[in-house]
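Down below is the structure, laid out as structure tokens.
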Amino acid sequence: MTGPEEFAKHFASAFGRQDGAELAGFLAEDADVLTLTGALVDTADEAEVAFAAEFNGIFAAARLVSGRHRLRMLGPGAAIVTQRYVVSGARDDQGAEMPRFSAVLTAVLTARTTGWQAVSLTFSATGQ
243 MTGPEEFAKH FASAFGRQDG AELAGFLAED ADVLTLTGAL VDTADEAEVA FAAEFNGIFA
303 AARLVSGRHR LRMLGPGAAI VTQRYVVSGA RDDQGAEMPR FSAVLTAVLT ARTTGWQAVS
363 LTFSATGQ
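In terms of the working numbering, the sequence shown opens at residue 243 and continues consecutively.
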């Protein structure tokens with residue numbers, strides 16, 4: 243990822259491919275992450291495991307449709323990205339497709355020697 247303006251697009255693309263390893267690659271090693279199913283983890287490695295579990299279950303065929311996006315630059319090496327999505331293709335425990343629902347991704351990004359990475363990422367359903 244080259245910059246914070248592309249973070250939400252790359253996140254949605256990796257999510258659509260059910261690629262937990264790629265999603266974890268967007269994170270700083272010590273990132274705090276809250277996933278869409280409520281998994282709360284403290285490292286990129288733990289996030290990869292959590293994402294993989296979701297992609298082996300409820301989100302095995304899910305896709306994100308992008309909505310409103312906001313990028314706030316906090317300084318030369320820090321930004322907050324907020325992206326609204328509609329989640330489709332989620333499956334319940336019996337494999338039936340669930341109704342679409344809204345979600346929001348909020349990521350605090352910092353510029354590192356390896357590129358921009360999220361030090362905090364929250365992905366949650368919005369109820370709207």
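Backbone N, C-alpha and C define an ideal beta-carbon position, used for all residues, glycine too.
Beta-bridge pairing of Ile322 - partner residues as DSSP gives them: Arg314 and Val350
Unbroken beta strand (DSSP E) run spanning Asp272, endpoints: Leu269 to Leu276
C-beta atoms of Phe249 and Trp358 nearer than 8 Å: yes
Own chain, CB closer than 6 Å to Val283, minus 5 neighbours either side, in chain order: Val275, Ala289 and Ala292
Close-in-space but distant-in-sequence residues of the same chain around Arg342 (CB under 6 Å, 5 per side omitted): Around Arg342: Val328 and Ser330.
Own chain residues within Cβ distance below 6 Å of Gly258, not counting five before or after: Excluding residues within five positions, the ones whose Cβ falls inside 6 Å are Arg305.
Coil, strand or helix - Gly258 by DSSP: helix
Residues near Ser308 by beta carbon distance below 8 Å, same chain, minus five either side: Answer for Ser308: Ala250, Lys251, Ala254, Gln325, Arg326 and Tyr327, listed in chain order.
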